[in-house]
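If you're matching positions, the sequence shown starts at 36 in my numbering and goes up one per residue. Built from N, CA and C at the ideal position, the CB exists for glycine as well.
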Amino acid sequence: MSKGGNDIACGKSKLEDRQQRAYAVWVSEIMLQQTQVKTVIDYYTRWMAKWPTLKDLAQATPDDVQQMWAGLGYYSRGRRLLQGAKHVEEKLNGRIPETYKGLLSELPGVGPYTAAAIASIAFGCVKGVVDGNVLRVLARLRRITQPIDTTPVQKAMQALSDALVDPSRPGDFNQAVMELGATTCTPKAPNCTACPLASLCQSHRLHARAATGKTAVASDPTCNLCSSHAIADIATTDLPRKKPKKQSPVIDLWCLHIRTQRDKVLLLRNPDTGLLASSWTFPCVAHTEHATPHAAVGTLLPSVKKADVVHTNHVVEHVFSHRKHRYHVLHVSCGGDDEVRCSDDHNDRSQWVHKTRVAATLTTTNMKKVWEKVKAWRKKQGGGIVAALKRASSTPAPRP
Ligand code: SF4
């Protein structure tokens, strides 16, 4: 067994137990990426009730998974879980790889952290996990002051975690460090006096010495990760440090709520790759100087000669990890009872959905927010786009 976890013997538990545990850890770890535990608990419970084994999950459809994932965000995670389950069933004889390397190379959506968590917790492999909580504990423990979101520091952190993990109980050790970061070594209020690592922790020792007027511990001149670790004015809560953030770009979009007089609402399915892949959305077009809502409706519904558009000042903002969208909501009446055929470019991925089914069809938080805004607006307007058009027909289009 190598300490780096690349050449690994597994624990001795029964094959079925290990495999079932690996499936459960896999689901929970993927859900916990970018999402808080308290949010995940309900999703995890419902997921495991619906698909208690990997075999059950492998028989699900992308729509089933999309529905189950609704509201959890980062939808590609659910899709990759499904792809992974199918891959294991179809290509790996239903067996999840039992090595760190195998997990990393075979399972879609499984990166170093998730592979290490599954390998150590389910299979007893000696591999350190490095998540946000572990990074914080290690950065403070060794007083690493260089930004942790750089490749050399991340590699060093993984090596440190691998070196520290207890070979006799790697899964328990990893979970204990993660728990310590979540409950004791918290970002803003580390409880050092209650911490079992206090006597080993360089940050704690440095500040304890500084508080009593003693000289700070000496820095290690050979270390380029912690070369300034003796500087007491870097507070423990400043660690771990990160590179300065670039500001997320803001993207303005027209978001079209297009409805027939029989309360059918037009939705489009996003492409199968990219942001919010495969989910249903209100039609959105770039809100630029030159684009007009009428032109957008004309492109989408070429047979509609005259669409009535209500401009409101309703703007829904949604922040993704790397950008912010501002949806400028427009209400459009096509002037008829019937559903209108979309252009050839859009028709295959369009559907007219009755208003009572819109909430269930939209699975992403950004579009659910838009729908709430639409409902509130209609309630205020007395329910009808046509009535609203009469009142607001000459409202000028807002500009970003
Ligand atoms: S002693 Fe304090 S700073 Fe160090 S690991 Fe424990 S809680 Fe974190």
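- Taken from the Cβ of residue 319, every heavy atom of ligand 1 lies 7 Å or farther away.
- Residue pairing from DSSP places residue 289 in a beta bridge opposite 320 and 363.
- Shown here, residue 196 sits in a helix according to DSSP, grouped into three states.
- Residue 94 carries a coil assignment under DSSP once its states are collapsed to helix, strand and coil.
- Beta-bridge partners assigned by DSSP to residue 304: 315.
- Assignment of beta-bridge partners to residue 299 by DSSP yields 389.
- Straight-line spacing of the CA atoms in residue 339 and residue 377 works out to 10 Å.
- The segment 383-393 makes contact with the segment 300-308, as at least three CB pairs between them are under 8 Å.
- Taking a C-beta distance under 8 Å as the contact criterion, residue 57 and residue 157 qualify as a contact pair.
- Taking C-beta separations shorter than 7 Å and ignoring five residues to either side along the sequence, the partners of residue 79 in its chain run 62, 63 and 66, following chain order.
- Under the DSSP assignment, residue 122 falls in the alpha helix (DSSP H) whose first and last residues are 111-126.
- Of the heavy atoms belonging to ligand 1, at least one sits nearer than 7 Å to the Cβ of residue 172.
- Per DSSP, the continuous alpha helix (DSSP H) segment holding residue 214 begins and ends at 205-218.
- With fewer than 16 other Cβ atoms from the protein chains shown falling within 10 Å of its own Cβ, residue 352 counts as exposed.
- Residue state for residue 344 is assigned as strand, using DSSP reduced to three classes.
- Assigned with DSSP and collapsed to three states, residue 409 falls in helix.
- In this structure, residue 375 keeps its C-beta atom at 8 Å or more from the C-beta atom of residue 311.
- Across the structure, residue 414 and residue 83 are spaced so that their CA atoms are roughly 38 Å apart.
- In its chain, beyond the 5 residues on either side, 288, 289, 326 and 331 have a beta carbon closer than 7 Å to the beta carbon of residue 320.
- Membership of residue 375 in any alpha helix (DSSP H) is not indicated, and neither H nor E is assigned to it by DSSP.
- Ligand 1 has no heavy atom closer than 7 Å to the beta-carbon of residue 270.
- In this structure residue 185 is in contact with residue 278, their Cβ atoms being roughly 7 Å apart against a cut-off of 8 Å.
- Assigned with DSSP and collapsed to three states, residue 368 falls in strand.
- Short note on residue 97: C-beta not closer than 7 Å to any heavy atom of ligand 1.
- Across the structure, residue 170 and residue 181 are spaced so that their CA atoms are roughly 12 Å apart.
- Residue 107 counts as buried, since no fewer than 16 other beta carbons sit within 10 angstroms of its beta carbon.
- Under DSSP, the beta-bridge partners assigned to residue 350 are 363.
- Under the Cβ criterion (8 Å, minimum of three pairs), the segment 289-298 does not count as touching the segment 190-209.
- Here the alpha carbon of residue 73 sits roughly 21 Å from the alpha carbon of residue 354.
- If you draw a straight line from the Cα of residue 86 to the Cα of residue 102, it is about 13 Å long.
- Ranking 334, 402 and 345 by CA distance to the CA of residue 379 puts 334 first.
- It is roughly 25 Å from the alpha-carbon of residue 219 to the alpha-carbon of residue 190.
- With contacts defined by Cβ atoms closer than 8 Å, residue 216 and residue 172 form a contacting pair.
- Collapsing the DSSP output to three states places residue 171 in a helix.
- A direct Cα-to-Cα measurement between residue 200 and residue 97 gives close to 37 Å.
- Here residue 294 carries a strand assignment [DSSP, helix/strand/coil].
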